[in-house]
Amino acid sequence: MTKLPALIAAAALFAGFQLFHGGSSESSANEARPATTFRLVANGDEGDCAVSRGAAIDDGLSLLTVTPNCRGLLPGIERAKFWREGEDGTIAFSADGTDPIVTFSVADGDGYESYAPATPLLSLATTGERDQSAGN
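Just so you know, we're using this note's numbering here: the sequence shown kicks off at 1059 and counts up by one.
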């Protein structure tokens, strides 16, 4: 009878591991990818700054680095720490992983354009650079 609690604990541990990894045996660390750097531009080149999408931490949620000079484009954006990609292709930057500071949709052509807040209009495009220090 003393083996039953140990068996239940082992089964619960295995089930929790499978739930955390989405039922696959592949580690979430293997899913992380290097950071990608983007150029954030306000109102057609009135100002710009760099943001970097970092390692994935959950389904659609990644770390985000925003340079301090981005505050000049949209006050408060410098607090953003998370990049959330929606199933519909939208992208939201947030401080807490949930409440968006700015939300982007896919733009005509390359990149994204903000739609919330309505002003200022921001565009987001990849610079093609990858941060080799992240995820390696």
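Idealized CB from N, CA, C, for every residue including glycine.
Reduced DSSP secondary structure (H/G/I, E/B, other) of residue i
i            : result
residue 1136 : helix
residue 1126 : helix
residue 1168 : coil
residue 1153 : coil
residue 1144 : coil
residue 1098 : strand
residue 1090 : Any answer about residue 1090 is weak, because its pLDDT of 45 lies below 50 and its placement is not dependable; what the coordinates show is given next. Looking at residue 1090 - three-state DSSP - the assignment turns out to be coil, as it is neither helix nor strand.
residue 1176 : coil
residue 1131 : coil
residue 1106 : strand
residue 1084 : Because residue 1084 carries a pLDDT of 42, less than 50, the predicted location of this residue cannot be relied on, and the following value inherits that uncertainty. Residue state, collapsed to three classes: coil.
residue 1079 : The predicted position of residue 1079 is uncertain, since its pLDDT is 43 and thus under 50; no value can be drawn from it.
Residue burial classification, residue i (beta-carbon count within 10 angstroms, cutoff 16)
i            : result
residue 1137 : exposed
residue 1100 : buried
residue 1109 : buried
residue 1124 : buried
residue 1164 : exposed
residue 1174 : exposed
Spatial distance of residue i from residue j (CA atoms)
i            : j            : result
residue 1122 : residue 1151 : 8 Å
residue 1157 : residue 1112 : 19 Å
residue 1117 : residue 1172 : 22 Å
residue 1169 : residue 1149 : 11 Å
residue 1119 : residue 1145 : 11 Å
residue 1106 : residue 1097 : 7 Å
residue 1104 : residue 1147 : 26 Å
residue 1129 : residue 1135 : 6 Å
Residues sharing a beta bridge with residue i, DSSP
i            : result
residue 1114 : 1120
residue 1161 : 1150, 1174
residue 1029 : The first residue shown for the chain is 1059 and the last is 1194, placing residue 1029 beyond what the model contains.
Three or more C-beta pairs under 8 Å: does that hold for the segment 1170 to 1183 against the segment 1139 to 1146? With the cut-off at 8 Å, the segment 1170 to 1183 and the segment 1139 to 1146 do not touch.
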